[in-house]
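In case it helps, numbering that gives the first Met the number 0 puts the sequence shown at residues 0 to 167. Don't be surprised by glycine CBs; every beta carbon is placed ideally from N, CA and C. All of these numbers come straight from a predicted model, not from anything done at the bench.
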Amino acid sequence: MHTFTYPETGATRRRPLPGGYDHLHHRAPVGRGRASFEAAGAAVTEWRMHRATGFLVAASADRAEAGASVEVTLCLGPLHLKAPCEVVWAEYTGERIGFAYGTLDGHPERGEESFVVELADDGTVWFAVTAFSRPALWYTRLAGPLVRVLQRSYARYLGRTLRRIAAA
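Structure, rendered in structure tokens:
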């Protein structure tokens with residue numbers, strides 16, 4: 000167990016999100032039916048969705064579970080940007096599969112992000128990203144509003160990636 004870099008641990012499960020942070024809410028349909036739901040849920044919680052976007056993922060568990068450590072790394076040529084996290088909560092039910100991780104020391108942001116797949120009553124499979132964060136390192140502070148633009152773009156990219164995975 001590590002020390003989180005923010006005090007509101009688990010807040011992505013509740014509303015409203017805590018003040019003093021930038022908030023991200025992104026929701027997109029990624030498929031239809033139980034098979035699509037299960038495929039998307041497995042891709043999210045087994046780290047395949049993140050890996051499919053080109054990020055490196057090192058995790059202490061094969062699937063998301065509370066207390067698991069996760070390090071997501073973006074490689075830009077010789078530059079490797081590491082984002083150490085710990086899974087705060089995980090949920091595996093018949094209509095909802097997902098998890099949230101919180102930031103640890105060395106992460107460029109402070110806060111929490113959740114990735115959830117839901118099966119609606121009409122059979123639509125939805126993917127939702129919810130986050131609250133603020134800059135933690137000099138380069139994210141320097142980048143200012145560009146960080147928020149990149150986060151929103153990445154959330155949309157995750158949705159498109161998950162849609163392809165769930166359809167396969």
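DSSP-derived helix/strand/coil call for residue i
| i | result |
| --- | --- |
| PHE36 | helix |
| THR11 | helix |
| TYR100 | strand |
| THR2 | coil |
Which listed residue (the options) has its alpha carbon closest to that of residue i
| i | options | result |
| --- | --- | --- |
| GLY32 | GLY93, SER59, TRP88, HIS22 | GLY93 |
| PRO17 | ARG163, ARG140, LEU145, ARG109 | ARG109 |
| PHE131 | THR102, ALA165, LEU161, GLU64 | THR102 |
| GLY122 | CYS74, VAL146, ARG95 | ARG95 |
| LEU80 | TYR156, PHE54, PHE114 | PHE54 |
Where the beta strand (DSSP E) through residue i begins and ends
| i | result |
| --- | --- |
| PRO144 | Careful: PRO144 lies outside any beta strand (DSSP E), inside the alpha helix (DSSP H) at 144–166. |
| PRO134 | 123–134 |
| GLU94 | Run containing GLU94: none; DSSP gives neither H nor E here. |
| GLY110 | 108–118 |
Residue i vs residue j beta-carbon contact at 8 angstroms
| i | j | result |
| --- | --- | --- |
| VAL128 | GLU117 | no |
| VAL86 | ALA57 | no |
| ASP104 | THR8 | no |
| ALA27 | ALA63 | no |
request  = Quick one: which unbroken alpha helix (DSSP H) runs of 4-plus residues sit fully inside the region 14–74? Chain order, please.
outcome  = Restricting attention to alpha helix (DSSP H) runs no shorter than 4 residues, the region 14–74 encloses them at 33–44, 47–51, ordered along the chain.
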